[in-house]
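Novice: One gets this note's numbering by counting positions in the sequence shown from 1 and adding 579 to each. Here it is, the structure in full.
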Amino acid sequence: MKKILGGFALVICAAHIPASANTIYLTRHAEKSATGTDPVLTAEGQVRATNIAATLKDAQVKHVYSTAYQRTQQTAQPLTTYLNLPVTSYDAGQLATFAQQLRGLPDNALVVGHSDTTPDLIRQLGGDPGSAIAETEFDRLYQVTIAADGSVTTNLLHSLPSSLNLPCASVSLNQSSLTATAGNWLYFTINVPECANTLNVNMSGGSGDGDLYVRFGAQPTANDYACRPYKSGNTESCALSNPQAGTWHIGIRSYSTFSGVSLNASAAQ
C-alpha cells in the first residue's frame with residue numbers, strides 16, 4: 580500500500596492514475612454533535628466538509644454516495660453543491676454488494692461513511708485501510724484506485740484540520756405582535772450550537788397575560804419544562820447557563836387573552 584501522509588488537493592495528480600483506472604475516494608463523516616440519535620455536523624465539521632470539497636473539486640468525481648445519516652450527508656453536501664451532483668444513499672449493511680457496484684463504475688466517486696464501515700468497504704474493494712480509525716479521528720481521506728487489470732492502489736490523504744478556533748456563531752429568535760386567546764399555546768424553536776454557554780429568552784410588551792415556558796428537545800407543557808417564570812403580565816424571562824446543544828422549544832401559554840407581545844431569544848458564547 581502506498582501512503583501519502585499530509586496530502587491535500589495538490590497530491591491528486593492525474594499523471595499517477597492510468598486513464599483506464601477509476602478512483603474511489605472514501606472518508607468518514609466530519610466532526611459531529613454529541614447529542615441526538617442522528618446528530619448533525621459541528622461548526623468544525625462543516626469546515627472540514629468544505630475542505631474536503633476543495634480537495635476533490637478537480638478530481639473528476641462524478642458520483643457521491645452517503646449513508647442515510649445527517650452527519651454523512653452534510654459531509655458530502657459541499658462537494659455535491661459545487662459539482663451539481665446528487666447524493667446517492669447506500670446501505671452500509673451490504674458493503675460487499677456496494678463494493679461490486681463501485682468497482683464497476685467508469686468514473687470517479689466519493690463515498691462518505693463511518694469509522695467502522697469505511698475501512699470495511701476499502702477491504703471489500705481490495706484496498707488496505709491501515710490501522711483502525713479512532714473515534715476522535717476525522718481527517719483520513721482514502722484514494723483507492725482500481726486499474727483496468729483489477730489491481731488496487733490505496734493512498735492515504737488527509738483533509739485539512741478543522742481546529743481553526745472559529746468564533747462561536749450566536750443564534751437568535753425574534754417575534755413581535757404575538758396574539759393568542761385564553762388557554763391556547765404559541766410555540767417556537769431555537770437551535771443552540773455546542774459552543775454556546777448561555778441561552779436567554781425574554782417575553783415583553785402588549786396586553787393580557789401570557790406565561791413563558793422553555794424546554795429542551797420537545798414542546799413544553801404545563802407540567803414539563805426547564806424554565807417557567809410564572810409571573811403576572813407579559814414580562815417574563817429565562818436565563819439558562821451551559822444549555823444543551825440542540826433544539827430548544829419555547830412556548831407561550833395564554834393565561835388570559837394577550838396581544839402585541841414580543842419574544843426574543845438568543846444563544847451565544
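Where a beta carbon is used, it is the ideal one built from N, C-alpha and C, also for glycine. Computed from a predicted structure; not experimentally measured.
Quick check: N813 and G789, are their CB atoms within less than 8 Å of each other?
Specialist: Yes.
Novice: Does DSSP put R849 in a helix, in a strand, or in coil?
Specialist: As displayed, the chain neither begins before 580 nor continues past 848, which places residue 849 out of reach and without an answer.
Novice: Could you tell me the alpha carbon to alpha carbon distance between G699 and A688, rounded to whole angstroms?
Specialist: For clarity, residue 699 is Asp in the given sequence; the question names Gly instead. Straight-line Cα distance between these residues: approximately 17 Å.
Novice: Between the beta-carbon of Y669 and the beta-carbon of T646, is there less than 8 Å?
Specialist: Result yes, Cβ atoms of Y669 and T646 sit closer than 8 Å.
Novice: Give a yes or no on contact between the segment 689-709 and the segment 603-623, applying the rule of three or more CB pairs nearer than 8 Å.
Specialist: Yes: the two stretches touch, three or more of their Cβ pairs being nearer than 8 Å.
Novice: I need the boundaries of the beta strand (DSSP E) containing A847, first residue and last residue.
Specialist: 825-847 is the span of the beta strand (DSSP E), which, as asked, contains A847.
Novice: Over the uninterrupted alpha helix (DSSP H) stretch that includes T697, give me the two end residues.
Specialist: From DSSP, the alpha helix (DSSP H) with T697 extends over 696-703.
Novice: To the nearest angstrom, how far is it from the Cα of S811 to the Cα of T614?
Specialist: If you take the alpha carbons of S811 and T614, they lie about 35 Å apart.
Novice: Where V771 and L778 are concerned, what is the direct C-alpha to C-alpha distance, given to the nearest angstrom?
Specialist: When rounded, the distance between both Cα atoms is 8 Å.
Novice: If we count the other Cβ atoms within 10 Å of its Cβ and call it buried at 16 or more, is A671 buried or exposed?
Specialist: Its Cβ being crowded by 16 or more others within 10 Å, A671 is buried.
Novice: Does A594 pass the burial test, meaning 16 or more other C-beta atoms within 10 Å, or should it be called exposed?
Specialist: Any reading at A594 must be qualified, since the residue scores a pLDDT of 35, below 50, and its modelled position is unreliable; the value itself is stated next. With fewer than 16 Cβ atoms within 10 Å of its Cβ, A594 is classed as exposed.
Novice: Beta carbon of L791, beta carbon of R807: below 8 Å?
Specialist: The answer is yes: Cβ separation under 8 Å.
Novice: Pairs of beta-carbons, one from the segment 826-843 and one from the segment 757-776, closer than 8 Å: are there three or more?
Specialist: Yes, since at least three Cβ pairs between the segment 826-843 and the segment 757-776 fall closer than 8 Å, the two stretches touch.
Novice: Please classify A713 as buried or exposed, where buried requires at least 16 other C-beta atoms within 10 Å of its C-beta.
Specialist: Looking at its Cβ environment, which holds fewer than 16 other Cβ atoms inside 10 Å, A713 is exposed.
Novice: Once you ignore the five residues that flank G585 on each side, which residues in its own chain have a CB closer than 8 Å to its CB?
Specialist: Residue confidence for G585 is low, a pLDDT of 36 falling below 50, so the modelled location carries little weight; the figure read from the coordinates is stated next. Only H737 meet the Cβ criterion.
Novice: In terms of residue numbering, what span does the alpha helix (DSSP H) encompassing Q679 cover?
Specialist: Per DSSP, Q679 belongs to the alpha helix (DSSP H) from 674-682.
Novice: Only counting the same chain, and skipping five residues up and downstream in sequence, which positions put a Cβ closer than 6 Å to that of P740?
Specialist: Cβ neighbours of P740 beyond the five flanking positions: none.
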